[in-house]
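A.B. asks: For the sequence shown, our numbering assigns the number 9 to the initial residue and increments by one for each residue that follows. Ideal placement from N, C-alpha and C gives every residue a C-beta, glycine not left out. The model shown is predicted, which means the values in this text are computed figures rather than measured ones. Would you mind keeping the following structure in view while I ask a few things?
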Amino acid sequence: MKLATKRLILRPFTLNDVDAVQKYSSKESVTRYMMWGPNKYEDTKRFVSSVVSRNSETPRDVFDFIVTLKDGTVIGACGLYFDEYPKPPTLGWVFDDTYWNQGYGTETGRALLAFGFNTLKVKSILATCDNENIASARIMEKIGMRYVETRPEELPKLGKRFIKVYEITALEYKLNSNKVLL
């Protein structure tokens, strides 16, 4: 399954993606607020292999995608995660820092919302980010998500952190889908 936007393709991972994923997942700047990384090559190889395997499961509780430019250049990854059912699914993304501040996160977030609401017919979608990750919080706001709360969490790599939670319901999505948020 592929999703396409004006500038991007969101496609399933393949085992051939290991080198491209390693390029961004080995960077401290990229993984600063993530619960993983910076990755060693073997970490990335294991991760990509597990995602490829997971993407063939039925029923699926995770929809992981590689994000590429239209020319096939891998710039990051994203997904919609149902791993805390019956809670709403959570969306997320990560991009190589070379491609930050170019609107790709917003474009990807909008594609994931459309997929979740229009294809999977979910009732609401959550997203979270570290309290200090201003860029991700801004993307969540741009795609129409509303701030819910900031809560403390104990995270394996990061220790005690404050996490911002955002949400959008199917109705909010429908009402906002024709608005352009700058």
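#1: Please look up how many angstroms separate the CB atoms of residue 82 and residue 28, rounded, as I've assumed it's under 8 angstroms.
#2: Between 69, 65, 143, 113, which lies nearest to residue 13 when the distance is taken from Cα to Cα?
#3: Could you say if the stretch 71-82 and the stretch 38-54 meet the contact criterion of at least three C-beta pairs nearer than 8 angstroms?
#4: Beta-carbon separation of residue 139 and residue 165 under 7 angstroms?
#5: So for residue 41, helix, strand or coil by DSSP?
#6: Nearest-angstrom Cα distance between residue 135 and residue 98?
#7: Would you call residue 190 buried or exposed, if buried means 16 or more other Cβ atoms sit within 10 Å of its Cβ?
#8: Which residues in the same chain have their Cβ closer than 8 angstroms to the Cβ of residue 60, if we skip the five residues on either side of it in sequence?
#9: Could you check what DSSP says for residue 83 in three-state terms: helix, strand or coil?
#10: Using only the alpha-carbon positions, how far apart do residue 123 and residue 178 sit?
#11: For residue 45, count the other beta carbons within 10 Å of its own beta carbon; 16 or more makes it buried, fewer makes it exposed. Which is it?
#12: Any idea if residue 84 is buried or exposed, counting beta-carbon neighbours within 10 angstroms, 16 or more meaning buried?
C.D. replies: Here's the rundown:
#1: 4 angstroms
#2: 113
#3: no
#4: no
#5: coil
#6: 5 angstroms
#7: Since pLDDT at residue 190 reaches only 44, below the 50 mark, its modelled position is unreliable, and no value is offered.
#8: 20, 21, 22, 23
#9: strand
#10: 11 angstroms
#11: buried
#12: buried
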